[in-house]
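Protein chains in written order, with UniProt numbering: chain A, 1 to 330; chain B, 1 to 355.
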């Protein structure tokens with residue numbers, strides 16, 4: 001009797017099965033391991049000025065989609081993909097400053113209101129037609145600092161009115177103090193900008209004469225003297241009306257990259273209604289989030305491996321060393 | 001099967017974290033072909049009499065092996081029952097908050113820039129509205145901001161944290177003008193097409209008024225008649241500025257006294273309407289308490305039940321199967337060792353069946 005028991009206890013298959021049973025029992029007592037995951041806390045500021053209505057993206061059905069719609073879709077995709085515990089705040093930008101809609105909210109529990117707010121983003125929320133990107137960006141950085149978040153600034157980079165020849169305002173903050181990403185929205189080719197009437201209906205596109213082609217505030221540019229009809233007092237910018245392509249729009253990537261370098265932010269181009277996650281994670285401050293690692297799948301997997309060994313090992317052995325025929329049941 | 005089938009619905013509530021693992025399930029048939037018991041050479045099974053007990057033990061061991069593998073595979077896949085949304089009835093209201101974010105909201109009730117312990121109108125309404133949101137569990141809120149253009153901040157939701165985050169933002173620097181009409185229209189649009197018996201309240205917080213274009217008035221009237229909300233106007237009056245009820249000395253036109261005429265417009269809408277004139281934070285708090293007391297009606301609300309982990313059941317099954325297998329291994333006897341075999345007939349059974 002004792003000899004049987006001792007013999008059985010020495011059997012490898014018994015030991016494997018007992019080990020599997022022990023592991024299965026452990027799943028009931030072992031708590032989940034505390035774990036630190038990386039999340040983000042980000043303020044998204046969306047440019048809702050007129051040039052964001054340009055339809056230069058192609059939708060899934062082949063129809064043109066506006067920049068604002070694409071940016072909105074990309075943000076909804078981003079929020080849905082952020083790890084739980086990440087926080088998301090939303091602001092709008094037109095004129096020269098951001099307007100905060102809400103302070104950071106947790107992205108999983110409060111996903112529905114965030115998604116609803118993103119869906120409701122509309123150019124009609126804009127309170128003024130100007131689009132002074134650099135001023136808006138600098139204030140957005142300040143806003144992100146006050147909220148203790150990173151910044152995600154989505155814009156096509158088209159300044160309206162155009163910057164004066166002396167360039168835009170200089171960044172006065174500390175570059176890199178706020179981390180984040182400038183997202184260039186729009187295609188690289190010029191496209192016409194839709195125009196709306198005061199009731200919000202589309203009535204065509206902007207023509208060359210409808211927008212300021214050159215900023216004529218401040219001192220004239222250095223090359224003004226060589227211009228046709230130049231007169232230091234009466235025509236400091238030359239005699240001819242300014243011409244240009246300010247009524248058409250494309251993503252102003254070099255300008256945005258310059259702004260990004262000045263402010264210590266990263267730059268990424270928005271290629272479609274998704275794909276913001278990877279560049280944001282690369283640029284954002286990693287925020288530790290309390291996570292839990294459930295050990296049970298690992299314990300269960302080990303137990304499963306042991307059980308399978310028990311059932312498969314004899315077959316394997318039989319294949320390796322064919323000794324004697326196994327007797328089949330009658 | 002139709003999706004309305006109750007069985008399908010019940011099954012649809014179950015899911016696993018990593019469905020790919022379930023492809024291992026066919027391995028559960030392994031115990032029916034292979035045994036964990038020792039192989040013993042017997043000349044012929046017919047040598048022994050038919051033994052129902054041995055047969056039962058044999059099948060029990062195969063079943064236990066199958067159960068152990070199924071339990072472990074399913075347990076590793078991480079089964080759970082989906083969270084569900086349950087609709088219940090509580091006490092509360094749908095409140096659409098319409099907040100003035102014009103620049104003057106950042107001044108104090110005395111019309112100055114806030115200094116020291118003074119609080120701006122926006123900061124006071126932020127603090128007091130923040131307390132209002134979440135004081136009752138089943139209220140639903142939407143937040144709309146308006147200045148030059150109306151802005152939908154948060155659509156109607158019962159996620160109070162999100163609503164409070166939206167209210168946290170209202171004492172940030174505001175914009176230029178007060179365009180009431182468009183704000184009212186957007187605030188009204190937040191009441192979804194829900195059952196008519198839900199108590200709906202439109203709470204407008206502003207420190208001034210503006211002329212509502214007569215052309216828009218008709219549209220607004222029609223909207224109010226359709227939605228029929230209770231309308232509350234929390235008028236944060238700056239000291240010394242005209243009251244809602246003050247008649248101007250000169251001409252009594254909407255341009256001369258926009259507050260008075262907005263009040264008259266609201267009164268003419270035919271919906272329950274109350275105006276609260278607050279000249280300080282205490283008055284705002286009192287007004288909000290009154291609104292809270294007035295808006296007490298049954299409201300259907302949804303409750304999110306969290307998902308329930310079911311792994312423990314799978315691992316429990318696996319553990320049971322494994323314990324049976326372990327017992328089977330412990331009870332093994334060996335014919336080749338000869339001794340004690342005759343004394344324990346039950347223990348000999350497994351080898352015979354499994355052989």
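Cβ coordinates follow ideal geometry from the N, Cα and C atoms, glycine included.
Note to self: Taking beta-carbon pairs under 7 Å, can you tell me which members of the stretch 115-127 of chain A lie near chain B?
What the structure shows: Listed in chain order, the positions of the stretch 115-127 of chain A with a beta carbon within less than 7 Å of a beta carbon of chain B are 116, 117, 120, 124, 125, 126 and 127.
Margin query: Which same chain residues end up closer than 6 Å to residue 82 (chain A) when comparing Cβ atoms and leaving out the 5 residues on each side of it in sequence?
Written below: The sequence position of residue 82 (chain A) within the first chain is 82, counting from 1. If you ignore the 5 residues before and after residue 82 (chain A), its C-beta comes within less than 6 Å of the C-beta of 107, all in its own chain and listed in chain order.
Checklist line | Residue-level contact to chain B via CB, residue 31 (chain A), 9 Å cutoff | finding: On the first chain, residue 31 (chain A) is found 31 positions in, with the first residue counted as 1. It does not: the Cβ of residue 31 (chain A) has no partner Cβ on chain B nearer than 9 Å.
Next item on the list: Decide if the stretch 152-159 of chain B is in contact with the stretch 234-248 of chain B; the criterion is three or more beta carbon pairs, one per stretch, under 8 Å apart.
Entry: At 8 Å Cβ cutoff, the stretches do not touch.
Notebook entry, point to check: Out of curiosity, what's the CA-to-CA distance linking residue 132 (chain B) and residue 139 (chain B)?
Noted result: Residue 132 (chain B) sits at position 132 when you count from the first residue of the second chain. Residue 139 (chain B) sits at position 139 when you count from the first residue of the second chain. Rounded to whole angstroms, residue 132 (chain B) and residue 139 (chain B) show a C-alpha spacing of 10 Å.
Margin query: Based on DSSP bridge pairs, tell me the residues matched to residue 233 (chain B).
Written below: Reading the second chain from its first residue, position 233 is the one you call residue 233 (chain B). For residue 233 (chain B), which the question treats as bridged, DSSP gives the partners B:204 and B:275.
Next item on the list: Please confirm if residue 141 (chain A) has its CB atom under 9 Å from at least one CB of chain B.
Entry: Taking the first residue of the first chain as position 1, residue 141 (chain A) is located at position 141. With a threshold of 9 Å between beta carbons, residue 141 (chain A) makes no contact with chain B.
Margin query: Rounded to whole angstroms, what is the Cα-Cα separation between residue 43 (chain B) and residue 29 (chain B)?
Written below: Looking up residue 43 (chain B) in the second chain gives position 43. Looking up residue 29 (chain B) in the second chain gives position 29. So the alpha carbons of these two residues sit roughly 28 Å apart.
Check: Mind pulling the chain B residues with CB within less than 8 Å of residue 193 (chain A)?
Finding: Sequence index remark: in the first chain, residue 193 (chain A) carries index 193 (1-based). Within chain B, no residue comes near residue 193 (chain A); the closest Cβ sits about 19 Å away, beyond 8 Å.
Check: Going straight from the alpha carbon of residue 90 (chain A) to that of residue 101 (chain A), what length do you get?
Finding: Within the first chain, residue 90 (chain A) is the residue found at index 90, counting from 1. Within the first chain, residue 101 (chain A) is the residue found at index 101, counting from 1. When rounded, the distance between both Cα atoms is 6 Å.
Notebook entry, point to check: So, using beta-carbon positions, are residue 319 (chain A) and residue 37 (chain A) closer together than 9 Å?
Noted result: Looking up residue 319 (chain A) in the first chain gives position 319. Looking up residue 37 (chain A) in the first chain gives position 37. Not closer than 9 Å, so no.
Item checked: Whole-angstrom C-beta distance between residue 252 (chain A) and residue 156 (chain A), which should lie under 8 Å -> Counted from its first residue, the first chain places residue 156 (chain A) at position 156. Counted from its first residue, the first chain places residue 252 (chain A) at position 252. About 7 Å separates the CB atoms of residue 156 (chain A) and residue 252 (chain A); that is less than 8 Å, so the two are in contact.
Check: With a cut-off of 8 Å, do at least 3 Cβ pairs link the stretch 66-74 of chain A to the stretch 138-150 of chain A?
Finding: Contact fails between the stretch 66-74 of chain A and the stretch 138-150 of chain A, because fewer than three Cβ pairs, one in each stretch, are under 8 Å apart.
Next item on the list: Using alpha carbons as the reference points, say which of A:305, A:86 and A:254 lies closest to residue 185 (chain A).
Entry: Within the first chain, numbered from 1, the residue matching residue 185 (chain A) stands at position 185. Just measuring C-alpha positions, the residue of A:305, A:86 and A:254 sitting nearest residue 185 (chain A) is A:254.
Next item on the list: Give me whichever residues DSSP pairs with residue 165 (chain A) in a beta bridge.
Entry: Numbered from its first residue, the first chain carries residue 165 (chain A) at position 165. DSSP lists no partner for residue 165 (chain A).
Check: In chain order, which continuous runs of the alpha helix (DSSP H) of length 4 or greater are located wholly inside the stretch 41-111 of chain B?
Finding: The qualifying runs are 52-77.
Next item on the list: Return the chain-ordered list of same chain residues with a C-beta closer than 7 Å to the C-beta of residue 8 (chain A), the five sequence neighbours on each side being excluded.
Entry: Sequence index remark: in the first chain, residue 8 (chain A) carries index 8 (1-based). Excluding sequence neighbours, residue 8 (chain A) sits near 14.
Next item on the list: Give a yes or no on whether the C-beta atoms belonging to residue 242 (chain A) and residue 213 (chain A) are separated by under 9 Å.
Entry: For the purposes of this step, residue 242 (chain A) is identified with residue 242 of the first chain, where counting begins at 1. For the purposes of this step, residue 213 (chain A) is identified with residue 213 of the first chain, where counting begins at 1. Closer than 9 Å, so yes.
Check: Helix, strand or coil: which one does DSSP assign to residue 53 (chain A)?
Finding: On the first chain, position 53 is the one that residue 53 (chain A) refers to. Looking at residue 53 (chain A) - three-state DSSP - the assignment turns out to be helix.
Notebook entry, point to check: Between residue 290 (chain B) and residue 200 (chain B), is the Cβ-Cβ spacing less than 9 Å?
Noted result: Against the second chain, residue 290 (chain B) aligns to sequence position 290. Against the second chain, residue 200 (chain B) aligns to sequence position 200. No, these two residues do not count as a Cβ contact at 9 Å.
Checklist line | Other residues of its chain near residue 23 (chain A): CB distance less than 7 Å, five sequence neighbours each side excluded | finding: Counting from 1 along the first chain, the entry for residue 23 (chain A) is found at position 23. Excluding positions up to five away in sequence, the list reads 299, 302 and 303.
Notebook entry, point to check: Under a three-way DSSP split, which group does residue 148 (chain B) fall into?
Noted result: Working through the second chain from its first residue, we reach residue 148 (chain B) at position 148. Of the three classes helix, strand and coil, the one that applies to residue 148 (chain B) here is coil, per DSSP.
Next item on the list: Just mark residue 234 (chain A) as buried or exposed, buried being the case when its beta carbon has 16 or more other beta carbons within 10 Å.
Entry: Counted from its first residue, the first chain places residue 234 (chain A) at position 234. The residue is exposed, with fewer than 16 neighbouring Cβ atoms inside 10 Å.
Check: Near residue 145 (chain A), which residues of its chain fall below 6 Å by C-beta distance, leaving aside the five closest residues on each side in sequence?
Finding: As a working note, residue 145 (chain A) is residue 145 in the first chain. Cβ neighbours of residue 145 (chain A) beyond the five flanking positions: 178.
Margin query: Please list, in chain order, the chain A residues whose beta carbon lies closer than 9 Å to that of residue 65 (chain B).
Written below: As a working mapping, residue 65 (chain B) is identified with position 65 in the second chain. Simply 307, 310 and 311.
Margin query: Which residues in chain A have a C-beta closer than 7 Å to the C-beta of residue 78 (chain B)? List them in chain order.
Written below: Position 78 of the second chain, counted from the start, is the residue given in the question as residue 78 (chain B). Near residue 78 (chain B) (Cβ distances below 7 Å), the residues of chain A are 297.
Note to self: With H, G and I counted as helix, E and B as strand and the rest as coil, what does DSSP make of residue 244 (chain A)?
What the structure shows: Counting from 1 along the first chain, the entry for residue 244 (chain A) is found at position 244. Here residue 244 (chain A) sits in coil by DSSP.
Check: Going by other Cβ atoms of all chains shown within 10 Å of its Cβ, with 16 needed for buried, is residue 29 (chain A) buried or exposed?
Finding: Working through the first chain from its first residue, we reach residue 29 (chain A) at position 29. Flag for residue 29 (chain A) reads exposed.
Item checked: Element boundaries [beta strand (DSSP E), containing residue 30 (chain A)] -> Translated into the one-based positions of the first chain, residue 30 (chain A) becomes position 30. Residue 30 (chain A): not part of any beta strand (DSSP E); DSSP gives it neither H nor E.
Checklist line | Chain-ordered chain A contacts of residue 69 (chain B) [CB-CB under 9 Å] | finding: Numbered from its first residue, the second chain carries residue 69 (chain B) at position 69. The contacting residues are 304, 307, 308 and 311.
Margin query: With a threshold of 6 Å on Cβ separation, who are the neighbours of residue 287 (chain B) within its own chain once the five nearest residues in sequence on each side are excluded?
Written below: Here residue 287 (chain B) refers to the residue found at position 287 when the second chain is read from its first residue. Contacts found: 234, 276 and 278.
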